[in-house]
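Here is the structure we will look at.
Number of protein chains: 2
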Amino acid sequence: MSREADAADQGDGERVRELVSALRPADVADLMGFLTADYRREILPHVPPDELAELLSELETNIREEVLESLEPATLAKALEALDSDDAADVLDDLDEHRRQSVLAALPAVDRSAIEASLAYDDGTAGRLMQREVVYAPQFWTVGQVIDHMGRGAEELPELFFEVYVVDPAMRPVGGAPVSSLLRVKHETPLSELMEAVTEIPVDMDQEEVAYIFDKYHLISAPVVDAGGRLVGQITVDDVIGVVQEESQEDMLALANVSDAGRDATTGEIVRSRLPWLVLNLATETVAVSAIAVYQDEIARIVALAVLMPIISSLGGNAGTQTLAVAVRALASRELNASNTARIIGRELAAGLLTGVSLALVLGLAVFTFYHDYKLALTAGLALVADIFVAAVGGIVAPLLLERVGRDPAVSSSIIVTFLTDLCGFFAVLAIAALILL
Amino acid sequence: MSREADAADQGDGERVRELVSALRPADVADLMGFLTADYRREILPHVPPDELAELLSELETNIREEVLESLEPATLAKALEALDSDDAADVLDDLDEHRRQSVLAALPAVDRSAIEASLAYDDGTAGRLMQREVVYAPQFWTVGQVIDHMGRGAEELPELFFEVYVVDPAMRPVGGAPVSSLLRVKHETPLSELMEAVTEIPVDMDQEEVAYIFDKYHLISAPVVDAGGRLVGQITVDDVIGVVQEESQEDMLALANVSDAGRDATTGEIVRSRLPWLVLNLATETVAVSAIAVYQDEIARIVALAVLMPIISSLGGNAGTQTLAVAVRALASRELNASNTARIIGRELAAGLLTGVSLALVLGLAVFTFYHDYKLALTAGLALVADIFVAAVGGIVAPLLLERVGRDPAVSSSIIVTFLTDLCGFFAVLAIAALILL
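Same order as they appear, the protein sequences are chains Y and W. My numbering numbers the first residue of the first sequence as 1167 and each following residue consecutively. My numbering numbers the first residue of the second sequence as 1167 and each following residue consecutively.
Encoded structure:
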């Protein structure tokens, strides 16, 4: 890293170019992330135009914005020509409207219209994920005809492709032939002989659904079709891998009630991304502790209750989080669905009861050993069983209900479950204590 | 679903075969998951041998074990022949030693040795993920020679492939030619002209690292090399997509201190997968509340403290979980690394302080409004600042330390952070109260 920075420091352009060209675009993007903005500005002019394009699509969003600001529209247009339409649209999406129009104007008409079409689809849909560059052929062609056709039209072909889609006269996909199968047969072989079924992706499908289908059927590429079933592009698996990772990580962050402010976020941005949830947490917790306020007299008389409450609400909260994480994962991978909901809920409640009783025996024994008071031990045990059962109910029902009403089951479900287990943890201890101890 | 089950019920084999063959292996596997073991046994004989192989590699582990039990070694061997060596090894790995040997004995020698070689690698390594079937050619060959060669050796070729690896005389990869590029050029073109750099994967590389490299460089396939740098197989992106999902979801479950017992786990298995962490949680929480036991007299005098403690420890715990989730994600995607550790820690601590002060103002005001006691409000505010700062320290330092000592940063870090924030939450309230209130 430091060699590149040193070379840039001394204005040694030739050396920077040499070092940068020895790296792959993803590595140069990493390098840019480690450098300060000043160094980035020094290095940028030394990146060759064709590598600049790939570098742009690899950069993190906030660095990309900074780099895009510093480039001339013409330079940028030149770089974007080298990208597939999905990657080019991704880069352009970060520009403000005015600069986007200047860059689009500097592009050749064919690239411009492909990118504009891509930008017209919503972020997070198959249309945005797909590239318009695709190889297709009519059903009656032979392998030789396909190969000849590709030799002629090399300009508009995708950079890499894995399947030749077979279409009917209305451009509707009827199948696909893997590229490796074309290589194995004679030129006279009709394409229809190699044809396999393809999984069509509607252009407005959510990217999470696309990722699920790719993973389930082990797809390498799939044709994207419009509302009329006509082939409009293709999605390749390398575009999907990022979606899979993003979606799984989003669930993790959502369960922790936080959004990722990004590697280069300022302290203020971090605080803004976290504070709202903590304020909500403060509000729900205030409601939960009102159970304690109601029973202040009991606590003043038996201070041991103040010691037991946090133990019980903490165990309840953790048991709820466990159930929740498993449920969110199962919903995301479609293992939990309409066909088995009732069975899974039943199983979770049984597991909650069994876990609660097991832990209650341990806790009850510990309390009795320490306080020599079997009523207090009984209070602790019963409250724990109740709280862990509430945790099981909340942990499985909250995400299912959120999913049912069309919300993301990972978002806000942990706030609900923690509220329930805290409220019940405090209330159960104190109410049971009021019944049997006082 | 129910039509298939009904048909099986009536012993209507022909109808079952028809329905099953209309589905893809991944869908049949899903169907099997929805059925009871009895129905599965009815359906199994109607699955054609070549589809049985793919079905086996799609089934969930516990159903696969049950299905494998019910198959004759010869039937199983016949099915496995149709699979690539990585998928076949995956299936065989689930058999006990005795049955595995009978199935291996029933396989042709070439398949047997490929599968045995695959099983020799550790689970979770590149060697286990790779398939031995690979297309390679010497550097001096032309495209035509490669194509002719493939036509002759079609038997040993992988089912699908995306790259022809170019090797030196010692079988060390020197590059690769994408299959789609072979189709675009004349037969006389030397392979060396199409050759691009490849990313070699050492056979003992961890699968998480493999997934990272595939994602970073957008790879579709990559050659796997042994310790001597010789080509021994290849990994394709469809094998990696499952790893990416698995690793991200594992982090989520690990943060929630739970392992997934699987869709068909019994209640007992679920309890066993969750109880150990809850018992540990009970132990740490008992230590944390000992802070409360020490200050029992203070609580008896000012019961409001028992109301404040859970609010503060809950907010601290949630702030810690937020920091932790972001840190675990950043570590997993290598955004957090040696080059920026100091900066990120500094930023998290600053964010923790700012968040703590903001929340403390809200809480302090609320406490004053409710109790009309500015000393109590000050106690609450100071304790909250302290606890959220401890949360920030724990949330960023715990995963970094675990990573530094070679442990998974997602596993057990939330237990550490919750322990710290609970302990500090209780202790800070009571110690500060003892200082300024009493």
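Ideal Cβ positions, reconstructed from N, Cα and C, are used throughout, including at glycine. Just so we're clear, the structure is a prediction, and the values are computed from it rather than from any experiment.
Next on the checklist: What does the alpha-carbon distance come out to for the pair Thr1452(Y) and Val1460(Y)?
Outcome noted: 12 Å
Checklist entry - DSSP beta-bridge partners for Asp1372(Y)? => result Thr1291(Y)
Checklist entry - If the cut is a Cβ gap below 8 Å, which residues of chain Y does Ser1579(W) touch? => result Per Cβ cutoff of 8 Å: no residues; Ser1579(W) is ~12 Å from chain Y at best.
Checklist entry - In chain order, what residues of the region 1383 to 1410 of chain W put their CB closer than 9 Å to some CB of chain Y? => result Tyr1383, His1384, Leu1385, Ile1386, Thr1402, Val1403, Asp1404, Asp1405, Val1406, Ile1407, Gly1408, Val1410
Checklist entry - Run through DSSP, which three-state label would Thr1545(W) get? => result helix
Item to check | Under the three-state DSSP convention, the category Gln1415(Y) falls into | outcome: helix
Checklist entry - At which residues does the beta strand (DSSP E) containing Ala1343(Y) begin and terminate? => result 1339 to 1344
Checklist entry - What residue range is occupied by the uninterrupted alpha helix (DSSP H) comprising Gln1462(W)? => result 1462 to 1467
Checklist entry - Do Leu1586(W) and Gly1560(W) have their C-beta atoms closer together than 7 Å? => result yes
Checklist entry - Applying a beta-carbon distance threshold of less than 9 Å, which residues of chain Y neighbour Leu1603(W)? => result In chain order: nothing, as chain Y lies at least about 16 Å away.
Item to check | Chain-ordered chain W contacts of Arg1265(Y) [CB-CB under 8 Å] | outcome: By Cβ distance, chain W contributes nothing, its closest Cβ being about 27 Å from Arg1265(Y), past 8 Å.
Checklist entry - Taking 7 Å as the CB-CB limit, is Ala1422(Y) close to chain W? => result yes
Item to check | Collapsed DSSP secondary structure at Ala1597(Y) in the structure displayed | outcome: helix
Checklist entry - Taking Cβ-Cβ distances shorter than 7 Å, what residues in chain Y pair up with Gln1462(W)? => result Val1469
Checklist entry - Between Val1186(Y) and Val1194(Y), which are expected to be in contact by the criterion C-beta below 8 Å, what is the C-beta distance as a whole number of angstroms? => result 6 Å
Checklist entry - From Glu1217(Y) to Val1583(Y), what distance separates their C-alpha atoms? => result 49 Å
Item to check | Reference Ser1579(W); option with closest CA among Thr1507(W), Val1492(W), Leu1531(W) | outcome: Val1492(W)
Checklist entry - What residue range is occupied by the uninterrupted alpha helix (DSSP H) comprising Gln1305(W)? => result Run containing Gln1305(W): none; DSSP gives neither H nor E here.
Next on the checklist: For a cutoff of 7 Å on Cβ pairs, would you count Ala1255(Y) as touching chain W?
Outcome noted: no
Checklist entry - In angstroms, rounded to a whole number, what distance separates the CA positions of Ser1358(Y) and Gln1488(W)? => result 54 Å
Next on the checklist: Just to make sure I have the definition right: I need the residues of chain W whose C-beta is within less than 7 Å of the C-beta of Ala1517(Y). Which are they?
Outcome noted: Thr1433, Ile1436, Val1437
Next on the checklist: Counting beta carbon pairs with one atom in the region 1543 to 1557 of chain Y and one in the region 1384 to 1392 of chain Y, are three or more of them shorter than 8 Å?
Outcome noted: no
Checklist entry - Helix, strand or coil: how does DSSP classify Ser1168(W) here? => result Reliability of the predicted coordinates at Ser1168(W) is poor, the pLDDT of 49 falling under 50, and no value is obtained from them.
Item to check | Backbone secondary structure at Gly1395(W) - three-state DSSP | outcome: coil
Next on the checklist: Suppose you measure from the CA of Met1167(W) to the CA of Thr1507(Y); what does that come to, to the nearest Å?
Outcome noted: Low local confidence applies: a pLDDT of 45 at Met1167(W) is under 50, so the model's placement there is unreliable, and no value is given.
Checklist entry - Can the beta-carbon of Pro1565(Y) be found less than 7 Å from the beta-carbon of Val1473(Y)? => result no
Item to check | Proximal residues of chain Y, C-beta to C-beta of Asp1605(W) below 7 Å | outcome: The question about residue 1605(W) has no answer here: the residues shown for chain W are numbered 1167 through 1604.
Item to check | Positions along the region 1227 to 1241 of chain W whose CB lies within less than 8 Å of some CB in chain Y | outcome: none
Checklist entry - Nearest to Met1296(W) by CA position, among Asp1277(W), Val1351(W), Ala1255(W), Arg1338(W), is which residue? => result Ala1255(W)
Checklist entry - Along chain Y, which residues have their Cβ under 8 Å away from the Cβ of Ile1458(W)? => result Ala1472, Val1473, Pro1476
Next on the checklist: Please classify Gln1267(Y) as buried or exposed, where buried requires at least 16 other C-beta atoms within 10 Å of its C-beta.
Outcome noted: exposed
Checklist entry - On the premise that Leu1525(W) lies in contact with Leu1448(Y), defined as a C-beta separation below 8 Å, what is that separation, rounded to the nearest angstrom? => result 6 Å
Next on the checklist: Suppose contacts are defined by Cβ-Cβ distances below 7 Å. Is Ala1243(W) in contact with Val1276(W) by that definition?
Outcome noted: no
Next on the checklist: If we require 4 or more residues per run, which alpha helix (DSSP H) segments fall completely within the region 1446 to 1495 of chain Y?
Outcome noted: 1462 to 1467
Item to check | Continuous beta strand (DSSP E) stretch holding Val1333(W): start and end | outcome: 1329 to 1333
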